[in-house]
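A.B. asks: Okay, handing you the structure first.
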Amino acid sequence: MLQAGIVGLPNVGKSTLFNALTRSRKAEAANYPFCTIEPNVGVVEVPDERLAPLREIAKTQVIIPAAIEFVDIAGLVAGASKGEGLGNKFLANIREVDAIVHVVRCFDDDDIIHKMETVDPIRDIEIINTELILADLESAESQLDKNRRRAKGQDKEALANASLLEKVVTHLNDGKPAVTMDLTDDERVLLKSFCLLSAKDVLYACNVAEDDLANGSNNYTAKVAAWAAEHHGASSCVICARIEEELSELEPAEAKEYLADLGVDGSGVTGLIQAAYKLLGLASYFTAGEKEVRAWTFHVGMKAPQCAGVIHTDFEKKFIKAEVVSYVDLMAAGSVPAARDAGKYRLEGKEYVFKDGDVALFKVGG
Ligand code: GDP
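Note that UniProt numbering has the sequence shown beginning at 46, numbered continuously upward.
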């Protein structure tokens, strides 16, 4: 299962957010046999408002949402790339995750010690990013050396690696994360093979004070949003980790009432999970039958046989065709027979690229 790592300076609200995520959206582990079981890893359901209407149509009780794993990567401090704090251990943890949720303190609270004494989200972001860039610089330079040595024998692969690594080193030396490099598709694939920390996609999560949640923003969050877009090609979202933690302890009806009292539409964590899912390059298709309605996770761009393989590895090899209707068409028709009558079901073959929201039934060989 793909993982999003939660990073940030100490005392910005990472653990509070992690607890909120894993308590309120905890996925039933039995449904996801390949998830990791470790204290700092939580399997979290991906909220999807399409599941409940699909359940009505399929006339079933059981809903199984998609899920992703969140990892609480505590303790990244300035100097980590030189071994400060638990330095290399944290960097190794970040290396293992597929995308990063970077929590930034955007609340004033004199009772909560700020590592840097004042609240300044851009400075905080730059501290963490500098550590990632410095660690990458060391790694990229050493990979460059190795590839240059290999390239002497005119090894084509080593030559290509070395040429891209040179560009990477220059870019990192300018203080920029590898993810912002202007690359061709092939180069982007190659860049992935270098396993750099700053090449991962990032979502900035602005942790705001309880009072600011209703506004959906404050001076700090506006700065973070602008900075993220300009310097990281990244987006941001607004959460209040403390409220989310409180919400996670309430029953759904109570939680709704509490949110209404605060003047807030919905939980910020819903948006954060959905944004992280997208950031990981994931989308969902559905199966809807009498037994259950289920969201299955696929990588954007995957074709029908691979998508069938998500359900069962055998299905990929034995794939014959998929019967597909889009969620929107199915809902507009109001029922499966009506959608069929309206000709909204399509038979798709091996080359069909799945779309988010497809409702599918696979035909597989024996
Ligand atoms: P971490 O070190 O980043 O994991 O930070 P924690 O989650 O342990 O939070 C540090 C402190 O900040 C705790 O006392 C939290 O209760 C507090 N905190 C976290 N989120 C918020 C928030 O949204 N508002 C306020 N006022 N305090 C928060």
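The C-beta atom is built at its ideal place from N, Cα and C for all residues, glycine as well.
(1) Which residues does DSSP list as the beta-bridge partners of Ile157?
(2) Pairing CB atoms from the region 172-187 with CB atoms from the region 63-71, are three or more of them under 8 Å?
(3) Just curious, the alpha helix (DSSP H) that Lys212 is in, first and last residue?
(4) Indicate, with yes or no, if the ligand GDP has a heavy atom lying under 8 Å from the CB of Ser60.
(5) Look at Leu217 and Phe239 and say whether their C-beta atoms are less than 9 Å apart.
(6) In whole angstroms, what separates the C-alpha of Tyr249 from that of Arg287?
(7) Excluding the 5 residues flanking Val381 on each side, which residues of the same chain have their C-beta closer than 7 Å to its C-beta?
(8) What number of angstroms, rounded off, separates the C-alpha of Leu236 from the C-alpha of His277?
(9) Taking Trp272 as the reference, which of Glu335, Pro166, Leu327, Asn252 has the closest Cα?
(10) What is the rounded straight-line gap between the Cα of Glu83 and the Cα of Pro55?
(11) Taking one C-beta from the region 98-112 and one from the region 188-205 each time, how about it: are there three or more such pairs within less than 8 Å?
(12) Please indicate yes or no: does the CB of Ile145 lie closer than 8 Å to some heavy atom of the ligand GDP?
(13) Heavy atom of the ligand GDP less than 8 Å from the Cβ of Ile157, yes or no?
(14) Would you be able to state if there are at least three C-beta pairs under 8 Å between the region 140-155 and the region 355-374?
(15) Identify, in the order they occur along the chain, each residue of the same chain with its Cβ nearer than 6 Å to the Cβ of Gln48, setting aside the five sequence neighbours on each side.
(16) Can you check which of these residues, Gly379, Ala387, His357, is closest to Gly410 by C-alpha distance?
(17) Any heavy atom of the ligand ZN within a distance shorter than 8 Å of the CB on Gly410?
(18) Taking its Cβ as the centre, do 16 or more other Cβ atoms sit within 10 Å of Glu299, making it buried, or is it exposed?
(19) On the DSSP letters alone, give me the boundaries of the beta strand (DSSP E) that Ile118 sits inside.
(20) With a threshold of 8 Å (Cβ to nearest heavy atom), would Arg47 be considered close to the ligand GDP?
(21) Would you kindly check if the distance between the Cβ of Ile145 and the Cβ of Val52 is under 9 Å?
(22) Tell me the residue span of the alpha helix (DSSP H) that contains Val345.
(23) Cutting at 7 Å between CB atoms, please list the residues of its own chain near Glu232, excluding the five before and the five after it.
(24) According to DSSP, simplified to helix, strand and coil, what is Val127?
(25) Please tell me whether Gly313 and Ala259 are closer than 9 Å, where the distance is taken between their beta carbons.
(26) How long is the line joining the alpha carbons of Gly220 and Ala65, rounded to whole angstroms?
(27) Along the chain, where does the beta strand (DSSP E) containing Cys240 start, and where does it finish?
(28) Taking DSSP's pairing of strands, which residues face Leu392 in a bridge?
(29) Starting from the C-beta of Ala378, find all residues in its chain whose C-beta is less than 7 Å away, skip the five residues before and the five after it, and write them out in chain order.
(30) Can you find a heavy atom of the ligand GDP that lies under 8 Å from the Cβ of Ala286?
(31) For a test of the three-state rule: what should DSSP assign to Thr175, helix, strand or coil?
(32) Looking at Phe152 and the ligand GDP, is the gap between the Cβ and the nearest heavy atom below 8 Å?
(33) By the DSSP assignment, the alpha helix (DSSP H) with Arg150 in it spans what residues?
(34) Can you grab the Cα-Cα spacing for the pair Lys362 / Gly354, in whole Å?
(35) Taking Met347 as the reference, which of Asp401, Val338, Ala112 has the closest Cα?
C.D. replies: Straight from the coordinates:
(1) Residue mapping note: residue 157 aligns to position 112 of the sequence shown, counting from 1. Paired residue(s): none; Ile157 is not in a bridge.
(2) no
(3) In the sequence shown, the residue the question calls residue 212 occupies position 167. Residues 201-218.
(4) One-based indexing of the sequence shown puts residue 60 at position 15. Yes.
(5) Along the sequence shown, read from residue 1 onward, the residue named residue 217 stands at position 172. Along the sequence shown, read from residue 1 onward, the residue named residue 239 stands at position 194. For Leu217 and Phe239, no; Cβs fall outside 9 Å.
(6) One-based indexing of the sequence shown puts residue 249 at position 204. One-based indexing of the sequence shown puts residue 287 at position 242. Taking the straight line from one Cα to the other gives about 17 Å.
(7) In the sequence shown, the residue the question calls residue 381 occupies position 336. Contacts found: Ile102.
(8) Taking the sequence shown and counting its residues from 1, the one referred to as residue 236 is at position 191. Taking the sequence shown and counting its residues from 1, the one referred to as residue 277 is at position 232. Near 16 Å, if we compare the C-alpha coordinates of His277 and Leu236.
(9) Position 227 of the sequence shown, counting from 1, holds the residue named residue 272. Taking only the C-alpha atoms, the option nearest Trp272 is Pro166.
(10) Here residue 83 corresponds to residue number 38 of the sequence shown, with the count starting at 1. Here residue 55 corresponds to residue number 10 of the sequence shown, with the count starting at 1. Their backbone Cα atoms lie some 21 Å apart in a straight line.
(11) no
(12) Indexing the sequence shown from 1 puts residue 145 at position 100. Ile145 Cβ: outside cutoff for every heavy atom of the ligand GDP.
(13) Looking up residue 157 in the sequence shown gives position 112. Because some heavy atom of the ligand GDP lies under 8 Å away, the Cβ of Ile157 counts as near it: yes.
(14) no
(15) On the sequence shown, position 3 is the one that residue 48 refers to. Closer than 6 Å at Cβ, skipping near neighbours: Glu114, Val116, Val142, Asp143.
(16) Start at 1 with the first residue of the sequence shown, and residue 410 comes out as number 365. Gly410 has its Cα closest to that of His357, out of Gly379, Ala387, His357.
(17) As presented, the structure is devoid of the ligand ZN, carrying the ligand GDP as its sole ligands.
(18) Start at 1 with the first residue of the sequence shown, and residue 299 comes out as number 254. Exposed.
(19) Taking the first residue of the sequence shown as 1, we reach residue 118 at position 73. Element bounds for Ile118: n/a, residue is neither H nor E.
(20) By one-based count along the sequence shown, residue 47 stands at place 2. Looking at the sequence provided, one finds Leu at residue 47 rather than Arg. Checking every heavy atom of the ligand GDP against the Cβ of Leu47, none is found closer than 8 Å.
(21) The count along the sequence shown starts at 1 and reaches residue 52 at position 7. The count along the sequence shown starts at 1 and reaches residue 145 at position 100. The answer is yes: Cβ separation under 9 Å.
(22) Looking up residue 345 in the sequence shown gives position 300. It is not in any alpha helix (DSSP H) - Val345 carries neither H nor E in the DSSP assignment.
(23) In the sequence shown, counting from the first residue as 1, residue 232 sits at position 187. Once the five neighbours on either side are set aside, the close Cβ partners of Glu232 are Leu209.
(24) Translated into positions along the sequence shown, residue 127 becomes position 82. The sequence given here places Lys at residue 127; Val does not occur at that position. In this structure, Lys127 counts as helix in the three-state DSSP scheme.
(25) Taking the first residue of the sequence shown as position 1, residue 313 is located at position 268. Taking the first residue of the sequence shown as position 1, residue 259 is located at position 214. No, the pair does not count as a contact, with Cβ atoms beyond the cut-off.
(26) The residue you call residue 220 lines up with position 175 of the sequence shown. The residue you call residue 65 lines up with position 20 of the sequence shown. The straight-line gap from Cα to Cα measures roughly 34 Å.
(27) Indexing the sequence shown from 1 puts residue 240 at position 195. Note, Cys240: premise wrong, no beta strand (DSSP E); not H, not E.
(28) Counted from its first residue, the sequence shown places residue 392 at position 347. In the DSSP output, where bridge partners are listed per residue, Leu392 has Glu368.
(29) Taking the sequence shown and counting its residues from 1, one reaches residue 378 at position 333. So the list reads Ala384, Ala387, Lys389, once near-sequence residues are dropped.
(30) To locate residue 286, count along the sequence shown from 1; it is residue 241. It does: the Cβ of Ala286 is within 8 Å (strictly closer) of some heavy atom of the ligand GDP.
(31) Along the sequence shown, read from residue 1 onward, the residue named residue 175 stands at position 130. Helix.
(32) Locating residue 152 in the sequence shown gives position 107, counting from the first residue. True, at least one ligand heavy atom lies under 8 Å from that Cβ.
(33) Indexing the sequence shown from 1 puts residue 150 at position 105. Run containing Arg150: none in the alpha helix (DSSP H); it sits in the beta strand (DSSP E), 144-151.
(34) Position 317 of the sequence shown, counted from the start, is the residue given in the question as residue 362. Position 309 of the sequence shown, counted from the start, is the residue given in the question as residue 354. So the alpha carbons of these two residues sit roughly 8 Å apart.
(35) The residue given as residue 347 occupies position 302 in the sequence shown. The residue with the shortest Cα to Cα distance from Met347 is Asp401.
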